[in-house]
Every structure is written in C-alpha cells, then in structure tokens.
Amino acid sequence: EDKVVQSPLSLVVHEGDTVTLNCSYEVTNFRSLLWYKQEKKAPTFLFMLTSSGIEKKSGRLSSILDKKELSSILNITATQTGDSAIYLCAVEESYKYIFGTGTRLKVLA
Amino acid sequence: SAVISQKPSRDICQRGTSLTIQCQVDSQVTMMFWYRQQPGQSLTLIATANQGSEATYESGFVIDKFPISRPNLTFSTLTVSNMSPEDSSIYLCSFRGTEGLAQYFGPGTRLLVL
C-alpha cells in the first residue's frame, strides 16, 4: 500500500532556530513531491520536487529530494513565530496525491 | 496563477441534513479534486471530479454519500448527504495548476454537524 510518513509529528523551537522536517514515501510510480504549509484551513503550496528538480529554495525555506532514499527534507532557517503551522508533504502517484501525516511546528518568541 | 474560491467557508448543520459545497476556479482546469480533513488528521482524497462524466471515488467513499458535480472546467460541487457528527471536517477542493503538476487548494469549508 502506498504511504507517506512525516517526522517528527510535532516540534517546538525558539525563534532563530533551524529546523529540518522529514518526509519518506513508498509509492509505486513516483512523479513528484509537494510541500505545503497549513495555518488555518487551506494548505499553501511551498515547493514541488521532481526527478528533474530535486532542490528548491525560497528565502529561509529550502527542500531537497533524495530519490535513492525515497525521502525529502524541508529546512527552515532563522525560524520566526509566523512559521508556526502544520507542514504537509504530498507525493504524486499516477494522477493523484497521497498526503503525509504532517509535522506541527510551533515557534516560540 | 488561477484563483480558487469555495463556499460556504463554514457551516453548522443538523444531523440527517445535506450540505452542498461549491468550488469555483477563475480559469479552466482539467483536474479538480475534493479532500476531507478530519480533526487532527491529514488530508484524505474523496474523489476526482471529472468534467462531463462521473467522479472517480477513492476507497471508502461512495457517490450516494458524497455526490459530486462538474458541469464545466471551472466549477464543481460536493454534497455531503445525510450528515452525521462523524462528517464534521474541513472539506477542501483543489486543482492541478497549469505550471507543471503542482496542486492548489481552495480556502476550505469547515463543517460542524450536531
């Protein structure tokens, strides 16, 4: 059965810390991996990683795809309280996405 | 990128009633999806809304409980039928963006069933 697992489930850090969130997957026909930030209801798209684009960066956020290890990491440097959210990883298998359990990040002032 | 809207944004409903959620995209998109996120859980795909044909439902979801319409390439509805408290969730519609394979979400509908 296809699955996507994220770790840790939750994380509490202080402003200025660097965090690394993990996503591992087992899907039959991998096509892409997406990262989202969910603060209230709707997940906000962060990055898409594919075989041809295994590393993405935007400001303090960056992500890397390791196809050999079937995993991805999301790094956030110099964390701010506004980074507090649930971070979701989703893996595309055929035409649809399978979502991970999410990592709940809390950044304390 | 396309803008997606969803309504209602929230509702409180009585057991046994039905609620229809609308999703509108401001440009034509090929694939639209409906998700459910129960409290403390991740997103679960309910179905893929296909334009001009029946929706494709995931395991555990059936058309009688979650009928879906997709009359054109910019609009879809999801009905939650004969609701029970277990249907209390956030319901999200999404579409595949034109720029590659990324998926974008509507603002969501928070449903509470009493």
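Top line first, the protein sequences correspond to chains X and F.
Counted the way our numbering counts, the first sequence spans residues 2 to 110.
Counted the way our numbering counts, the second sequence spans residues 5 to 118.
Beta carbons: idealized from backbone N, C-alpha and C, even for Gly.
Next on the checklist: Beta-carbon within less than 6 Å of F:Y61's beta-carbon, same chain only, minus the 5 sequence neighbours each way: which residues are those?
Outcome noted: A51
Checklist entry - Under a CB-based cut-off of 7 Å, is X:T82 close to chain F? => result no
Checklist entry - Can you tell which of F:Q10, F:R74, F:F99 and F:V117 has its C-alpha closest to the C-alpha of F:S85? => result F:V117
Checklist entry - Whose Cβ in chain F lies nearer than 9 Å to the Cβ of X:L89? => result S46 and L47
Next on the checklist: Buried or exposed, going by whether 16 or more other CB atoms sit within 10 Å of the CB of F:D30?
Outcome noted: exposed
Checklist entry - Considering only C-alpha positions, which residue in the set X:C90, X:K107, X:R105 and X:T45 is nearest to X:V6? => result X:C90
Checklist entry - Checking contacts by CB at 7 Å: is X:T104 closer than that to chain F? => result no
Checklist entry - If we count Cβ pairs, one from each stretch, closer than 8 Å, do we get three or more for the segment 61–75 of chain X versus the segment 21–38 of chain X? => result yes
Next on the checklist: Can you pull out the residues from the segment 49–66 of chain F whose beta carbon lies closer than 7 Å to at least one beta carbon of chain X?
Outcome noted: L49 and T52
Checklist entry - Can the beta-carbon of X:S33 be found closer than 7 Å to that of X:E93? => result yes
Next on the checklist: Any beta carbon from chain X within less than 7 Å of F:I16's own beta carbon?
Outcome noted: no
Next on the checklist: Within 10 Å of its beta-carbon, does X:L10 have 16 or more other beta-carbons around it, so buried, or fewer, so exposed?
Outcome noted: exposed
Next on the checklist: Taking only three categories from DSSP, how would you classify X:G17?
Outcome noted: coil
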